[in-house]
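Participant: According to the working numbering, the residues represented by the sequence shown are 60 to 367, in order. Note that CB positions come from ideal geometry on N, CA and C, so glycine has one too. Take a look at this one; I'll ask things after.
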Amino acid sequence: MNDNINFTVESGGLSFQNPILTASGTFGYGKEFEGLLDLRCIGGLVTKGISPKPRYGNPTPRICETASGMINSIGLENVGVEGFRTEKLPYLKICGTRVLVNFFGATIDEYVGCAESLGAMDGVDGLEMNVSCPNIKAGGIEFGTEPSVLVDLVRACRAVTRKPLWIKLTPNTSNIVALARACADGGADGLSVINTVTAMAIDIHTRRPKIATTFGGLSGPAIKPIALRMVHQIHRAGVGLPISGIGGIQNATDVIEFLLAGASTVQIGTQSFIDPAVSGDLVEGLREYCATHGVSDIRELVGALRLS
Numbered sequence: 060m061n062d063n064i065n066f067t068v069e070s071g072g073l074s075f076q077n078p079i080l081t082a083s084g085t086f087g088y089g090k091e092f093e094g095l096l097d098l099r100c101i102g103g104l105v106t107k108g109i110s111p112k113p114r115y116g117n118p119t120p121r122i123c124e125t126a127s128g129m130i131n132s133i134g135l136e137n138v139g140v141e142g143f144r145t146e147k148l149p150y151l152k153i154c155g156t157r158v159l160v161n162f163f164g165a166t167i168d169e170y171v172g173c174a175e176s177l178g179a180m181d182g183v184d185g186l187e188m189n190v191s192c193p194n195i196k197a198g199g200i201e202f203g204t205e206p207s208v209l210v211d212l213v214r215a216c217r218a219v220t221r222k223p224l225w226i227k228l229t230p231n232t233s234n235i236v237a238l239a240r241a242c243a244d245g246g247a248d249g250l251s252v253i254n255t256v257t258a259m260a261i262d263i264h265t266r267r268p269k270i271a272t273t274f275g276g277l278s279g280p281a282i283k284p285i286a287l288r289m290v291h292q293i294h295r296a297g298v299g300l301p302i303s304g305i306g307g308i309q310n311a312t313d314v315i316e317f318l319l320a321g322a323s324t325v326q327i328g329t330q331s332f333i334d335p336a337v338s339g340d341l342v343e344g345l346r347e348y349c350a351t352h353g354v355s356d357i358r359e360l361v362g363a364l365r366l367s
């Protein structure tokens, strides 16, 4: 097998040793996977979403399994900015991989405060701004569905930090390209595409929703075709921002599909619940594919989809 394949990717203002990252909300703060996955073998991790103050999330039940996926309504439970700095960051500084911190707020001022505080922390390589969560009543998706509002929010956060700033976009829109362009106009460095799809499930015996909040976010293999389509739409439109593809990735074939569609990195989410070591396995799967198909540089695959 060819061991001289270049897996290094420059994307969104950061250099990664390979394109495999873990997705926010599915990987805790990294330490939870200690002993299950050697973080030094992947490109990076994205933390749970951080808010200005600690959040205790939504009432239970707040997760349920569905056909080819799961619905969650965790409600962005997290330790808050100060808790992150004191309790979580020390481990992340020595974890051996790139660290992006996902963050959110209920108001523009809260977003800006998070961006400024987190961006100033040593050990934080980049920021991922969540404007796309369907599981909270204020902020989140409300800022992420209107381009004119989104561009102002991105600009405001861009003004307070020099760290690479990625924006995590919602699929719950009729025009993903317009949202992507708003992020580019606001000064973002990259895009994470996509977050979960708003969904619900019903218990026919109790005749009640299976999620306490009625609606939640659908993730897993069921949303992969939607994610691929949106990644390709943004790439084809020439928005000019690198894309981190997210949605239903289970194996190396899925990763390669996202790269061909236009993503330069990918993020592994729901599959980590099934197989905590999957992200490391995907790196080896990519190596095997590249060796078999004569690919000497992983970047050759990015956007290489043939339409005719």
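1) What's the C-alpha gap between H264 and F332?
2) Can you tell me whether DSSP reads S323 as helix, strand or coil?
3) Kindly identify the DSSP beta-bridge partner or partners of A258.
4) How far does the beta strand (DSSP E) with S83 in it extend, from its first residue to its last?
5) Measuring straight from C-alpha to C-alpha, what distance separates L209 and C242?
6) Heavy atom of the ligand COA less than 8 Å from the Cβ of R358, yes or no?
7) Any idea what DSSP makes of L96, helix, strand or coil?
8) I'd like the list of long-range same chain contacts for N189, defined as Cβ closer than 6 Å, with 5 residues on each side in sequence excluded.
9) Of the residues S191, D244, I253, which one's Cα is nearest the Cα of G134?
10) Would you kindly work out how many angstroms separate the C-alpha atoms of V354 and I64, rounded to a whole number?
11) What residues are listed by DSSP as bridge partners for I263?
12) What residues in its chain sit with their C-beta under 8 Å from that of G299, if we drop five residues either side in the sequence?
13) Quick check: the segment 285 to 295 against the segment 316 to 324, are there 3 or more CB pairs under 8 Å?
14) Would the beta-carbon of A271 fall within 9 Å of that of T119?
15) Go through the segment 129 to 213 residue by residue and report every complete run of the alpha helix (DSSP H) that reaches 4 residues or more, in order.
16) If you count every other CB in all the chains shown that lies within 10 Å of the CB of E187, and 16 or more means buried, which is it?
17) Using a C-beta cutoff of 9 Å, does A260 count as contacting chain B?
18) Taking C-beta to C-beta, are I101 and V314 nearer than 9 Å?
19) In the DSSP assignment, find the unbroken beta strand (DSSP E) run with E69 in it and report its ends.
20) Which residue marks the beginning of the beta strand (DSSP E) containing S127, and which one marks its end?
21) Starting from the Cα of I253, find the closest Cα among T232, G245, K269 and give me that residue.
Facilitator: Put simply:
1) 27 Å
2) coil
3) G275
4) No beta strand (DSSP E) holds S83; DSSP gives it neither H nor E.
5) 7 Å
6) What this structure holds is no ligand at all, so the ligand COA is not there to describe.
7) coil
8) G108, N161, F163, K227
9) S191
10) 7 Å
11) According to DSSP, I263 bridges with nothing at all.
12) A243
13) yes
14) yes
15) 139 to 142, 148 to 152, 167 to 178, 200 to 203
16) buried
17) Checking the listed chains, one finds no chain B in this structure; it contains a single protein chain.
18) no
19) 68 to 70
20) Premise fails: S127 is in no beta strand (DSSP E) and is neither H nor E.
21) T232
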